[in-house]
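Asker: In our numbering, the protein residues as written are 800 to 1767.
Here's a structure for you.
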Amino acid sequence: MSASAIRRAGPFSNVKPSGLVMNRKDIRSARELTQANYATEYLYLRENELTDFDIDITMEHLRVLDLSINEIGSVDFLRKTPYLRHLYLSGNKIEHLHGISNFSSLETLCLSDNAINSFEGLEKLPNLRVLSLNFNKISSFKHYGKFPSLHTLNLVGNPLTEVPSYRSMAIAINNSNLVSIDGHPVTAEERAALEHYQGKIGYCIADGFVVDGDNVEESADAFLLKLQRAREKSKCLQLCSIRLVPDDESRNVLTEGVPVRLSCCMQDVRSYEQRTEDIFHSRYLYPVTFKVSGEATEVFVVGSMNNWADPIELERCEEEGEIYFHTTLYLPAGDYEYRYIVDGVEIVPESNGVLSKHKQGYCYLYKVTELTQSDDEKDTILHIRWMRSTQNNFYEVIEDNNTLTYTPTVSDVGCCLRAEVLAYIDGVFSFLYFDISAPIVAGPPTCPHLEIKGKATEGHVLLAEADYSGGIEGNSSLNWFRITPDNEEISIDVNDPWAGYKLTSKDVDCRIKVEFTPMRNDWVAGEPKSAITGPVAAGPPECESIKIIGNLIQESDLEVEVVYSGGTEGESYYQWLRKDDNSEEYFPIEGENSTRYVPTLEDVGKCLAVEYTPVNKLGEEGKTCLCVLEKPIEPSPPEIRDLRITGELVEQHVLTLEYQYTGGHAGAHMIQWFRRDRQDRRAKVGRPNTATLALTRREVDCTIEVTVTPVRFDGVQGRAVRATSECAVSAGIPQTNFLNVVGDPVVGSTLELEVEYFGGEAGEPIIEWAREVPLTEEFEVIDTGVRTYRVQEEDQGKMIRVTYTPVRKDGMQGEAKSRIVQVPHGDDGGETTRLRGADDLHVDPASLNAADAVTTAEIAAAELGAAGGEEDAEKPTDAAADEDAEKSTEAAADEDAEKSTEAAADEDAEKPTDANPSAEAAVRLDASSTDETSTSAPAPMPGAAQALAAALNSVTSSAASTTRTDGA
800 MSASAIRRAG
810 PFSNVKPSGL
820 VMNRKDIRSA
830 RELTQANYAT
840 EYLYLRENEL
850 TDFDIDITME
860 HLRVLDLSIN
870 EIGSVDFLRK
880 TPYLRHLYLS
890 GNKIEHLHGI
900 SNFSSLETLC
910 LSDNAINSFE
920 GLEKLPNLRV
930 LSLNFNKISS
940 FKHYGKFPSL
950 HTLNLVGNPL
960 TEVPSYRSMA
970 IAINNSNLVS
980 IDGHPVTAEE
990 RAALEHYQGK
1000 IGYCIADGFV
1010 VDGDNVEESA
1020 DAFLLKLQRA
1030 REKSKCLQLC
1040 SIRLVPDDES
1050 RNVLTEGVPV
1060 RLSCCMQDVR
1070 SYEQRTEDIF
1080 HSRYLYPVTF
1090 KVSGEATEVF
1100 VVGSMNNWAD
1110 PIELERCEEE
1120 GEIYFHTTLY
1130 LPAGDYEYRY
1140 IVDGVEIVPE
1150 SNGVLSKHKQ
1160 GYCYLYKVTE
1170 LTQSDDEKDT
1180 ILHIRWMRST
1190 QNNFYEVIED
1200 NNTLTYTPTV
1210 SDVGCCLRAE
1220 VLAYIDGVFS
1230 FLYFDISAPI
1240 VAGPPTCPHL
1250 EIKGKATEGH
1260 VLLAEADYSG
1270 GIEGNSSLNW
1280 FRITPDNEEI
1290 SIDVNDPWAG
1300 YKLTSKDVDC
1310 RIKVEFTPMR
1320 NDWVAGEPKS
1330 AITGPVAAGP
1340 PECESIKIIG
1350 NLIQESDLEV
1360 EVVYSGGTEG
1370 ESYYQWLRKD
1380 DNSEEYFPIE
1390 GENSTRYVPT
1400 LEDVGKCLAV
1410 EYTPVNKLGE
1420 EGKTCLCVLE
1430 KPIEPSPPEI
1440 RDLRITGELV
1450 EQHVLTLEYQ
1460 YTGGHAGAHM
1470 IQWFRRDRQD
1480 RRAKVGRPNT
1490 ATLALTRREV
1500 DCTIEVTVTP
1510 VRFDGVQGRA
1520 VRATSECAVS
1530 AGIPQTNFLN
1540 VVGDPVVGST
1550 LELEVEYFGG
1560 EAGEPIIEWA
1570 REVPLTEEFE
1580 VIDTGVRTYR
1590 VQEEDQGKMI
1600 RVTYTPVRKD
1610 GMQGEAKSRI
1620 VQVPHGDDGG
1630 ETTRLRGADD
1640 LHVDPASLNA
1650 ADAVTTAEIA
1660 AAELGAAGGE
1670 EDAEKPTDAA
1680 ADEDAEKSTE
1690 AAADEDAEKS
1700 TEAAADEDAE
1710 KPTDANPSAE
1720 AAVRLDASST
1730 DETSTSAPAP
1740 MPGAAQALAA
1750 ALNSVTSSAA
1760 STTRTDGA
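What follows is the structure, encoded as structure tokens:
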């Protein structure tokens, strides 16, 4: 029959708990069994012959004990099982519950089928979840304890369950954790319908009160009064009446926000000498004497002081032969109706009575006034104390409230109030009387107090303080309004109304209104309440905040944004500043005095700032504030805008690029020119990365395009842009740049005409050979339409003139040019051949201006390099090409000019001077003829100026080296 039970693992172990099952073993004593199994966790001893659980050891591991169906008469062993959780004692002979209190670990208690007739002794079981007392002799809930964790209650078969209100009473005296009574679940509807049972009714039920009839509250009042009178029967003050009532007599329910008054009447039952000499001191309850003189058997007083309830007996006294009836009642200040009952006869006043407001007929009126209390501390006193119930049906003291009235707050909603009168005699507590209310009902949402705090001056912050009452506050609203001088009400949008509203210039001369709408957590709204300030005064001009908004990039708009206060703003000052490179100082940017500023190239890499001086409409200035940008201005992406091709779209003219660049300091832009013919074929022309293009014959009837890729100084490239000429390049006027006669001017030799033409596609030129008519200035035509002429004998000693008129294919004629060749006589062997242009003055290089010289040089260079340029059109170029081209052009121009002069001088020196010179005569009409080896296009400015000077020098040198033999 023995077994050992040792706890080997924790509660979450897979090891099963150890235990012992000894049911139906005719066991009469558990002593030896428990000693042998002291560590067991569960013990089943059902249906044995035990009269008690007689153990000598403490079973600390025992959690479950089943002693059902034995002969046990009491529960006196729990101190030996301190951690027992589940106790089963059904079917025994237990008559009371003493010995079960104060066991916090107990969760299940089953004592059905016993002889228990009261709940007395069953208390302080905070973790009890299941209580089963079926089939006992319990007739009321008297001595029913507080079980905050109770989940299931079973009382089937008790006399109590035959009371119609049994289930209602069971719900009322238990907390909200109770979910089942006698196997039937507790519904939310049942619990809500019995809320008023909490408090006084529930307290009375736990003291044996049985709910019966409709006037449950009045019955509970009478029960509690009788209960307290019985408890304090031996005390010197007997309770006659005590009630918690609304201060507003029109209300029947205690409501949040409505003052509650404690009405109390106590009779001093001490002897006449004691009650008159040793009174109880109180600030709120005063001794009131009722006295009737005359012979009578008995005298009573009845009235509103005890709610016209049981008459109060007066003590019969005799003094010096005088008989009188006397008593002392302790009452609050107020008016009390009363009548005397003498020997069973109620005395109704005839002349000096008043009509009872409690519908009791005519009666006397006793006015009890407040008495001034001395500051001396007394030892025999009556003290007032207020308390509120907690969730577990306990009560906590409401601090700092010791008067006869108390105004319930939101903290009291759903709680019961308990007001107590405590009596101290000679400084020692003696007794107390109390009353308990039903749960406080949430009042309608109201705002008892609303106030605007703060100075009504611009720039100041106004705060709203609102008090709320009416249950648990929900989403109450607070709104701000501006009332103009015309009484127009304008809503003010405030992010957080409770954080306050800062007055702005818009509020000057206006009033500010705040409106609070209380709302309960069940969405019931109360009446709005509002408060209004006086007119708002203007403050001094002030900058509340300042900031610069925008992108810190060149050419991006920057805007200064300020918040001004100080009445109407006048002409406030703005000044943009730029930080100096060599110091930490900021210097004004001239002319930048507005709220907007666009950073320029000069600002790139520098920090900006702005000063703001607020000024009101009266011209008063406030303190200047400064906003500084911490980061410097960054260059914008390189960008070319407004790209245009300028210049005449005519052969032999020069086109130039015009554009606007932004994006920091410029680097060497990438430029490429193109021509596009009528078949939409595109070819590169000109030199890469130059801003000019000299138009040649190849560009005639073509449109000109150019692409420019902007490049910043740091190599960052922008988006390429393109420009196209408005129309195609037109041919130039037919011209002769070069006219030369080649051959020896001697009889039998052939003279050949060399011509350099430009001006569109050449047509058939007009050529005329003529011989000098002696002794006149006339020439006779000797041949036409041919480029060669054979010198005849008759030409000896005469000048031969050839005239060339350029003709374009479309028939347009240009300016005629002539050349004259001197044919020597047969015996002029050593005479220098003499050549002369008929229009030398027209082609005198000295008469060419610089622009014409540059144009001619560029065109010649362009024509010479056209083929190479087209072949290299797709080759990439860079900034170095521009620089090299510029240097090459300048150097070549200077060098060629020098060489041209020297060569001409050397040639003239070496030329033979015989009668039939073999040297050919040549006259160049333009600067390009003197620099045939240079084919470089003009470089961009400023190299163009140098090229122009070089070309001009070349023209001059060429002209100077020409040998003139015509005597002009």
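All residues carry an ideal CB built from backbone N, CA and C; glycine is no exception.
Taking 8 Å as the limit between beta carbons, can you name the residues of its chain near Gly1445, skipping five residues before and five after?
Answerer: Numbered from its first residue, the sequence shown carries residue 1445 at position 646. Reading off the sequence shown, one finds Thr at residue 1445, where the question assumed Gly. Within the same chain, Thr1445 has close Cβ partners Leu1454, Thr1455, Leu1456, Glu1457.
Asker: With a threshold of 16 other CB atoms inside 10 Å of the CB of Lys1616, please say whether the residue is buried or exposed.
Answerer: Here residue 1616 corresponds to residue number 817 of the sequence shown, with the count starting at 1. It counts as buried.
Asker: Got a sec? Which residues, its chain only, sit under 8 Å from Thr1096 by beta carbon, not counting five neighbours each side?
Answerer: Within the sequence shown, numbered from 1, the residue matching residue 1096 stands at position 297. For Thr1096, where only same-chain residues beyond five positions count, the Cβ hits under 8 Å are Asp1142.
Asker: Per DSSP, what kind of secondary structure is Asn1191 in: helix, strand or coil?
Answerer: By 1-based counting over the sequence shown, the position of residue 1191 is 392. It is coil, neither helix nor strand.
Asker: What three-state label does DSSP hand Thr959 in the structure shown?
Answerer: Position 160 of the sequence shown, counting from 1, holds the residue named residue 959. The sequence given here has Leu at residue 959, not Thr. Leu959: helix per DSSP, three-state reduction.
Asker: In the DSSP assignment, what are the bridge partners of Tyr1135?
Answerer: Position 336 of the sequence shown, counted from the start, is the residue given in the question as residue 1135. According to DSSP, Tyr1135 bridges with Tyr1165.
Asker: Does the region 1275-1292 come close enough to the region 1345-1364 that 3 or more CB-CB pairs lie under 8 Å?
Answerer: With the cut-off at 8 Å, the region 1345-1364 and the region 1275-1292 do not touch.
Asker: Taking one C-beta from the region 1157-1170 and one from the region 1100-1111 each time, how about it: are there three or more such pairs within less than 8 Å?
Answerer: Segments in contact, yes.
Asker: Does the beta-carbon of Cys1214 have 16 or more other beta-carbons within 10 angstroms, so that it is buried, or is it exposed?
Answerer: Looking up residue 1214 in the sequence shown gives position 415. By the neighbour-count rule (16 or more Cβ atoms within 10 Å), Cys1214 is buried.
Asker: Hey, how far is the Cα of Thr1535 from the Cα of Glu1567?
Answerer: Counting from one through the sequence shown, the residue named residue 1535 turns up at place 736. Counting from one through the sequence shown, the residue named residue 1567 turns up at place 768. Cα to Cα, Thr1535 sits roughly 15 Å from Glu1567.
Asker: Could you say which of Glu1504, Arg1477, His1468, Ile1619 lies nearest to Val1484 if we only look at CA atoms?
Answerer: As a working note, residue 1484 is residue 685 in the sequence shown. Selected option, being the one with the closest Cα: Glu1504.
Asker: Quick check: the region 1160-1168 against the region 1201-1210, are there 3 or more CB pairs under 8 Å?
Answerer: No, the region 1160-1168 does not touch the region 1201-1210.
Asker: With DSSP as the reference, identify every bridge partner of Arg928, one or two as the case may be.
Answerer: Position 129 of the sequence shown, counted from the first residue, corresponds to residue 928. Partner(s): none; Arg928 has no beta bridge.
Asker: Helix, strand or coil: how does DSSP classify Trp1568 here?
Answerer: As a first step, residue 1568 is located in the sequence shown; it is residue number 769 there, counting from the start. Looking at Trp1568 - three-state DSSP - the assignment turns out to be strand.
Asker: To the nearest angstrom, report how far apart Asn1274 and Asn1320 are at their CA atoms.
Answerer: Locating residue 1274 in the sequence shown gives position 475, counting from the first residue. Locating residue 1320 in the sequence shown gives position 521, counting from the first residue. Computed Cα separation, rounded: 7 Å.
Asker: What whole-angstrom Cβ distance do Arg1217 and Ile1239 have, given they're in contact under 8 Å?
Answerer: Position 418 of the sequence shown, counted from the start, is the residue given in the question as residue 1217. Position 440 of the sequence shown, counted from the start, is the residue given in the question as residue 1239. Contact flag wrong, Cβ pair sits at about 12 Å.
Asker: Does DSSP put Leu1113 in a helix, in a strand, or in coil?
Answerer: The residue given as residue 1113 occupies position 314 in the sequence shown. Three-state result, Leu1113: coil.
Asker: List the endpoints of the continuous beta strand (DSSP E) containing Asp1067.
Answerer: Counting from one through the sequence shown, the residue named residue 1067 turns up at place 268. From DSSP, the beta strand (DSSP E) with Asp1067 extends over 1059-1067.
Asker: If you run the structure through DSSP and keep just helix, strand and coil, what is Ala1702?
Answerer: Here residue 1702 is taken as the residue at index 903 of the sequence shown, counted from 1. Unreliable placement is indicated for Ala1702, whose pLDDT of 38 sits below 50; the coordinate value is still reported in the next sentence. Ala1702 falls in the helix class under three-state DSSP.
Asker: Taking Tyr1135 and Lys1090 to be in contact with their CB atoms under 8 Å, please state how far apart those CB atoms are, rounded to whole angstroms.
Answerer: Translated into the one-based positions of the sequence shown, residue 1135 becomes position 336. Translated into the one-based positions of the sequence shown, residue 1090 becomes position 291. About 15 Å; that fails the 8 Å criterion.
Asker: Using a Cβ-Cβ cutoff of less than 6 Å, which residues in the same chain neighbour Val874 once the five nearest sequence positions on both sides are dropped?
Answerer: Position 75 of the sequence shown, counting from 1, holds the residue named residue 874. Contacts found: Gly898, Ile899.
Asker: My output table needs one value for Ile1432: the three-state DSSP class, helix, strand or coil.
Answerer: The residue you call residue 1432 lines up with position 633 of the sequence shown. If DSSP states are grouped into helix, strand and coil, Ile1432 belongs with the strands.
Asker: How would you call Ala1738, buried or exposed, if buried means at least 16 neighbouring beta carbons within 10 angstroms?
Answerer: Walking along the sequence shown from the start, residue 1738 turns up at place 939. The pLDDT assigned to Ala1738 is 35, lower than 50, so where the model puts this residue is not dependable; a value taken from the coordinates is nonetheless given after this. It is buried - the Cβ of Ala1738 has at least 16 other Cβ atoms within 10 Å.
Asker: Can you tell me where the alpha helix (DSSP H) with Thr833 in it begins and where it stops?
Answerer: Taking the sequence shown and counting its residues from 1, the one referred to as residue 833 is at position 34. Run containing Thr833: 830-835, per the alpha helix (DSSP H) assignment.
Asker: Does the beta-carbon of Glu1169 have 16 or more other beta-carbons within 10 angstroms, so that it is buried, or is it exposed?
Answerer: Taking the first residue of the sequence shown as position 1, residue 1169 is located at position 370. Answer is exposed; the Cβ neighbour count stays below 16.
Asker: Under a three-way DSSP split, which group does Thr1075 fall into?
Answerer: As a first step, residue 1075 must be located in the sequence shown, where it is residue number 276. If DSSP states are grouped into helix, strand and coil, Thr1075 belongs with the helices.
Asker: For Val955, collect the residues of the same chain with a Cβ closer than 6 Å to its Cβ; drop the 5 residues on either side in sequence, then sort them by chain order.
Answerer: Here residue 955 corresponds to residue number 156 of the sequence shown, with the count starting at 1. Counting only Cβ-Cβ distances below 6 Å, and skipping sequence neighbours, we find Asn933, Asp981.
Asker: Of the residues Ile1352, Pro1340, Ser931, which one's Cα is nearest the Cα of Leu886?
Answerer: In the sequence shown, the residue the question calls residue 886 occupies position 87. Of Ile1352, Pro1340, Ser931, the residue nearest in Cα terms is Ser931.
Asker: If we call anything under 8 Å between Cβ atoms a contact, is Thr1502 one with Arg1475?
Answerer: For the purposes of this step, residue 1502 is taken as residue 703 along the sequence shown, with counting starting at 1. For the purposes of this step, residue 1475 is taken as residue 676 along the sequence shown, with counting starting at 1. Contact: yes.
Asker: By how many angstroms is the C-alpha of Val1052 removed from the C-alpha of Val1015?
Answerer: Numbered from 1 along the sequence shown, position 216 holds the residue referred to as residue 1015. Numbered from 1 along the sequence shown, position 253 holds the residue referred to as residue 1052. C-alpha separation (whole angstroms): 14 Å.
Asker: Hey, out of Phe1228, Asp1500, Val1520, Ala1490, whose CA is closest to Val1507's CA?
Answerer: By one-based count along the sequence shown, residue 1507 stands at place 708. That would be Val1520, whose Cα lies nearest to the Cα of Val1507.
Asker: Could you name the residues that DSSP lists as bridge partners for Arg1395?
Answerer: Along the sequence shown, read from residue 1 onward, the residue named residue 1395 stands at position 596. Per DSSP, Glu1358.
Asker: By DSSP's criteria, Ala1263 is part of a beta bridge. Which residues make up the other side?
Answerer: For the purposes of this step, residue 1263 is taken as the residue at position 464 of the sequence shown. DSSP output for Ala1263 lists Ile1251 as bridge partner(s).
Asker: Is Leu819 helix, strand or coil when you go by DSSP?
Answerer: Translated into positions along the sequence shown, residue 819 becomes position 20. Three-state result, Leu819: strand.
Asker: Tell me which same chain residues have a C-beta within less than 8 Å of the C-beta of Asn1392, skipping the five on either side of it?
Answerer: Here residue 1392 corresponds to residue number 593 of the sequence shown, with the count starting at 1. For Asn1392, where only same-chain residues beyond five positions count, the Cβ hits under 8 Å are Tyr1372, Tyr1373, Gln1374, Trp1375.
Asker: So if DSSP puts Thr1506 in a beta bridge, which residue, or which two residues, is it bridged to?
Answerer: Locating residue 1506 in the sequence shown gives position 707, where the first residue counts as 1. In the DSSP output, where bridge partners are listed per residue, Thr1506 has Gln1471, Arg1521.
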